[in-house]
Amino acid sequence: MMKHNPLCNFAGLPRFSEFQVGDVKPAISSLLDQAEKIVGQVSLQQESTWDNTVEPLMRSMDQLRRAWGQVGHLNSVISSEPLRSVYNELLPKVTEFYSRLSQNKKIYQCFKDVSAAQKPLLSQERKKYLDNELRDYRLSGVDLGEREQNRYQDLSKRLASLSALFSDNVLDATDDYVLNVEERSRLEGLPAAVLFEAKAKASSLDQEGWSFTLKAPCWIPFMESCRDRSLREEMYHAYVTRASEYGNQTFDNSTTIVDILSARHEKAKLLGFDSYAHLSFATKMAAEPQRALDLMAELSDRARHRAVSELQMLSDYASSHLGMQDLMPWDISFVAQKIKEERYSFKDEDLRQYFPLRKVVEGLFDLLEDLYGISVVDEKTKAWDPNVKLFAVSDRAGSLLGYFYMDLFARDGKRPGAWMDDAIGRWKTEQHTQLPVAYLVCNFPSPSAEASDAYLSHGEVETLFHECGHVMHHLMTQIDEVGISGINGVEWDAVELPSQFMENFCWDWGIIKKISSDVSGQGHMPESLFKKMVEAKNFMSGIQTLRQVEFSVFDLRIHLGEPPKNPEEVMGLLDDIRKDLSVIPVPPYNRFPNSFSHIFAGGYAAGYYSYKWAEVLSADAFGMSQEESMSLSDIGTRFLGEVISQGGLRSSLENFIQFRGREPTIDALLQHTGLIEAVRSPA
Ligand SMILES: [Zn+2]
Numbered sequence: 066m067m068k069h070n071p072l073c074n075f076a077g078l079p080r081f082s083e084f085q086v087g088d089v090k091p092a093i094s095s096l097l098d099q100a101e102k103i104v105g106q107v108s109l110q111q112e113s114t115w116d117n118t119v120e121p122l123m124r125s126m127d128q129l130r131r132a133w134g135q136v137g138h139l140n141s142v143i144s145s146e147p148l149r150s151v152y153n154e155l156l157p158k159v160t161e162f163y164s165r166l167s168q169n170k171k172i173y174q175c176f177k178d179v180s181a182a183q184k185p186l187l188s189q190e191r192k193k194y195l196d197n198e199l200r201d202y203r204l205s206g207v208d209l210g211e212r213e214q215n216r217y218q219d220l221s222k223r224l225a226s227l228s229a230l231f232s233d234n235v236l237d238a239t240d241d242y243v244l245n246v247e248e249r250s251r252l253e254g255l256p257a258a259v260l261f262e263a264k265a266k267a268s269s270l271d272q273e274g275w276s277f278t279l280k281a282p283c284w285i286p287f288m289e290s291c292r293d294r295s296l297r298e299e300m301y302h303a304y305v306t307r308a309s310e311y312g313n314q315t316f317d318n319s320t321t322i323v324d325i326l327s328a329r330h331e332k333a334k335l336l337g338f339d340s341y342a343h344l345s346f347a348t349k350m351a352a353e354p355q356r357a358l359d360l361m362a363e364l365s366d367r368a369r370h371r372a373v374s375e376l377q378m379l380s381d382y383a384s385s386h387l388g389m390q391d392l393m394p395w396d397i398s399f400v401a402q403k404i405k406e407e408r409y410s411f412k413d414e415d416l417r418q419y420f421p422l423r424k425v426v427e428g429l430f431d432l433l434e435d436l437y438g439i440s441v442v443d444e445k446t447k448a449w450d451p452n453v454k455l456f457a458v459s460d461r462a463g464s465l466l467g468y469f470y471m472d473l474f475a476r477d478g479k480r481p482g483a484w485m486d487d488a489i490g491r492w493k494t495e496q497h498t499q500l501p502v503a504y505l506v507c508n509f510p511s512p513s514a515e516a517s518d519a520y521l522s523h524g525e526v527e528t529l530f531h532e533c534g535h536v537m538h539h540l541m542t543q544i545d546e547v548g549i550s551g552i553n554g555v556e557w558d559a560v561e562l563p564s565q566f567m568e569n570f571c572w573d574w575g576i577i578k579k580i581s582s583d584v585s586g587q588g589h590m591p592e593s594l595f596k597k598m599v600e601a602k603n604f605m606s607g608i609q610t611l612r613q614v615e616f617s618v619f620d621l622r623i624h625l626g627e628p629p630k631n632p633e634e635v636m637g638l639l640d641d642i643r644k645d646l647s648v649i650p651v652p653p654y655n656r657f658p659n660s661f662s663h664i665f666a667g668g669y670a671a672g673y674y675s676y677k678w679a680e681v682l683s684a685d686a687f688g689m690s691q692e693e694s695m696s697l698s699d700i701g702t703r704f705l706g707e708v709i710s711q712g713g714l715r716s717s718l719e720n721f722i723q724f725r726g727r728e729p730t731i732d733a734l735l736q737h738t739g740l741i742e743a744v745r746s747p748a
């Protein structure tokens, strides 16, 4: 094999400083060939065993995954024309290889044979890995007869193109609409930056005046600050009818939804599930759709009272301060914003001066040391950009656990957003130990030319803590089998537990004192300001919770039972749910599902609840430290032992119960979002 090619050198850390675009194609082609060869050899085995089948397959897959992962990673963080073009050229080949493997009946049979012959003799970790593999093969349709398998693959292809169509329609419908206003007097209240953009948009369209779009940077401030009520109504109407029969017919998603739901249902039925929701829950911590529905019912019961008071508060304020009667849906953000400005008198941007990056990172590493007894040391190694750092993580006894790269600043050629990715998974055999390596990527503003340090908004501090939680999950694993070590094999709706757990510390005064400074760069931020931040965070949490619950319940129920036969049935279900859940009346033309890309174009089908699910888990886990007045080290040791070191070995519910001593409850989240306190009426 091509040892001289840095992408094919699997000893130790990735060779980023030696990387050249010219290496990509020969490396990936040779690894794909090698993988094909092993698949062929393994399926000819007389008798399949772990050593002659599973192990060589895993080794080859791990190498392909690591090399291709590095290419994908570099394409995300230092994209260039040549790199993107070779990535796009190889992507279909790699995807095709994996898809063919998932349909390979011979390999599936080999795994079944190993399981039948050797399972009682294997370690817990190997058993679990085999079970996962067999489950995933079954879920990809390999077990079906030839006719059904063909049908299954047709449905998968059909769903891929329907989802793409759904997403294109939403984008096109969003782009298609412009609100043009010529009278400056109607635009009172709008921020200068929004007006500036709208002016530029109008001139690009050869229009007089200002043109407003439905894209988030325009739509959100427009609804929060435009004083002209009828303009807000017009924008609201355009927004909630996107990709529906009320807008440009070319982009109408009404029947796309029905087609998607029907194909999903048929797919689930082929695999022997009652509904698509049941199929989705086969790989989830919640395990049963009913469990997620129960959680949502409990949350809505507890949030309703607060949501009703919040609505009352909005409508009182609207009539007493703004002379507005009958609060309408297009008034909610506007009135809420007015109250927020009056009460909290600070903007998120104002907080940036209190969080110098160096102090935040130092405080974060100290916290990790207190929690998990680890030390984090800068390796001062070159990576893909001069600003990227590589850190080594060791335990109390000084044993090396793994590494992570930290790439924090935005730059050209870097994909926006923040994420953690797995570069290498922990894998320990008698012959060798492969230590885990992670990428932590953010897009923070880099330090200005005069400043010696960068400054983070509080939201960015939370992002850094969040991603660092994922890094810990990946690096602190004690599982030896790579397929279930770190974040591998963890249920889809449980992966956000370790990351959201870390976010809680950003709302803890003890930690804030350590990671902030005052405006002169000394001490810490004022406690009175911190208290205002907490209040502002929880402002409108009742209405927001009900909104998330409504989306989650719609997503679950539309995927349970028989699929709707026409668009009217889709809207009928949503209307029923709204009657139960929503405190804000919704006009009959509202077509929210038509742009609900998370579930019709993204990966959240019968899974939208997982946002709330993860919040419940993380708040409940964090709440333990306060309830039982545990030290950071006590809570950290326990969380490490029962949750984050366990990888995908046990179910996440089992992990949680072992950690908390009981099943998760929603009380900690209610407290954390202020839903248990009474609503303060506005001054
Ligand atoms: Zn996350």
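Note that my numbering has the sequence shown beginning at 66, numbered continuously upward. Backbone N, C-alpha and C define an ideal beta-carbon position, used for all residues, glycine too.
Assuming residue i and residue j form a contact by the criterion Cβ under 8 Å, report the distance between their Cβ atoms to the nearest whole angstrom.
{"i": "S698", "j": "L436", "result": "7 Å"}
{"i": "L500", "j": "M485", "result": "16 Å between Cβ atoms; not a contact."}
{"i": "G551", "j": "G588", "result": "38 Å between Cβ atoms; not a contact."}
{"i": "L740", "j": "R223", "result": "About 42 Å; that fails the 8 Å criterion."}
{"i": "L621", "j": "A671", "result": "6 Å"}
{"i": "G31", "j": "G726", "result": "The shown model of the chain, from 66 to 748, leaves out residue 31, and the question about it has no answer."}
Below 8 Å between beta carbons: does that hold for residue i and residue j?
{"i": "D487", "j": "A503", "result": "yes"}
{"i": "L72", "j": "A92", "result": "yes"}
{"i": "M288", "j": "G548", "result": "no"}
{"i": "L344", "j": "A352", "result": "no"}
{"i": "L646", "j": "V618", "result": "yes"}
{"i": "T738", "j": "S564", "result": "no"}
{"i": "M471", "j": "V453", "result": "yes"}
{"i": "H663", "j": "Y654", "result": "no"}
{"i": "V681", "j": "L734", "result": "yes"}
{"i": "A308", "j": "V235", "result": "yes"}
{"i": "V104", "j": "L155", "result": "no"}
{"i": "E213", "j": "L296", "result": "no"}
{"i": "A475", "j": "S511", "result": "yes"}
{"i": "R258", "j": "F277", "result": "The sequence given here places Ala at residue 258; Arg does not occur at that position. Cβ atoms of A258 and F277: not closer than 8 Å."}
{"i": "S522", "j": "D413", "result": "yes"}
In angstroms, rounded to a whole number, what distance separates the CA positions of residue i and residue j?
{"i": "Y673", "j": "C175", "result": "36 Å"}
{"i": "A743", "j": "R371", "result": "Residue placement at A743 is flagged as unreliable, the pLDDT there being 36, under the threshold of 50; a coordinate-derived value is accordingly withheld."}
{"i": "T702", "j": "F687", "result": "13 Å"}
{"i": "D396", "j": "L255", "result": "15 Å"}
{"i": "M350", "j": "E561", "result": "12 Å"}
{"i": "V159", "j": "F75", "result": "19 Å"}
{"i": "T528", "j": "G428", "result": "15 Å"}
{"i": "S585", "j": "G77", "result": "44 Å"}
{"i": "S582", "j": "S125", "result": "50 Å"}
{"i": "E198", "j": "V179", "result": "12 Å"}
{"i": "S205", "j": "Q168", "result": "7 Å"}
{"i": "A748", "j": "S696", "result": "Caution is warranted here: a pLDDT of 41 is assigned to A748, below 50, making its placement in the model unreliable, and the coordinate value is therefore given only provisionally. Their Cα atoms are separated by approximately 40 Å."}
{"i": "R745", "j": "N603", "result": "Annotation note: pLDDT 41 at R745 (below 50); position unreliable, coordinate value reported separately. Cα to Cα, the separation comes out at about 12 Å."}
{"i": "V63", "j": "Y152", "result": "The requested residue 63 does not occur in the structure, where the chain is confined to residues 66 to 748."}
{"i": "Y202", "j": "S268", "result": "55 Å"}
{"i": "K677", "j": "Q613", "result": "8 Å"}
{"i": "S319", "j": "P286", "result": "29 Å"}
{"i": "A265", "j": "N508", "result": "27 Å"}
{"i": "H138", "j": "F616", "result": "32 Å"}
{"i": "K424", "j": "H624", "result": "47 Å"}
{"i": "W275", "j": "E247", "result": "6 Å"}
Under DSSP, the beta strand (DSSP E) around residue i begins and ends at which residues?
{"i": "N245", "result": "244-246"}
{"i": "L505", "result": "502-509"}
{"i": "F277", "result": "275-277"}
{"i": "A457", "result": "454-459"}
Go to residue i, then tell me how far its alpha helix (DSSP H) extends in each direction, as first and last residue.
{"i": "W678", "result": "675-692"}
{"i": "W574", "result": "574-580"}
{"i": "S125", "result": "120-142"}
{"i": "S440", "result": "That residue, S440, is in no alpha helix (DSSP H); its beta strand (DSSP E) goes 440-443."}
{"i": "E253", "result": "No alpha helix (DSSP H) contains E253, which DSSP labels as neither H nor E."}
Please give me, in chain order, every unbroken run of the alpha helix (DSSP H) with length at least 4 that falls completely inside the segment 150-216.
170-183, 189-204
Extract the residue ranges of the alpha helix (DSSP H) inside the segment 380-409, only unbroken runs of 4 or more that lie entirely within it.
397-409
Along the chain, which unbroken stretches of the beta strand (DSSP E) at least 3 residues long are found entirely within the segment 463-549?
Counting only runs of 3 or more, we get 465-474, 484-489, 502-509.
Enumerate, from N- to C-terminal direction, the unbroken alpha helix (DSSP H) stretches of 4 or more residues contained entirely within the segment 310-376.
319-335, 341-346
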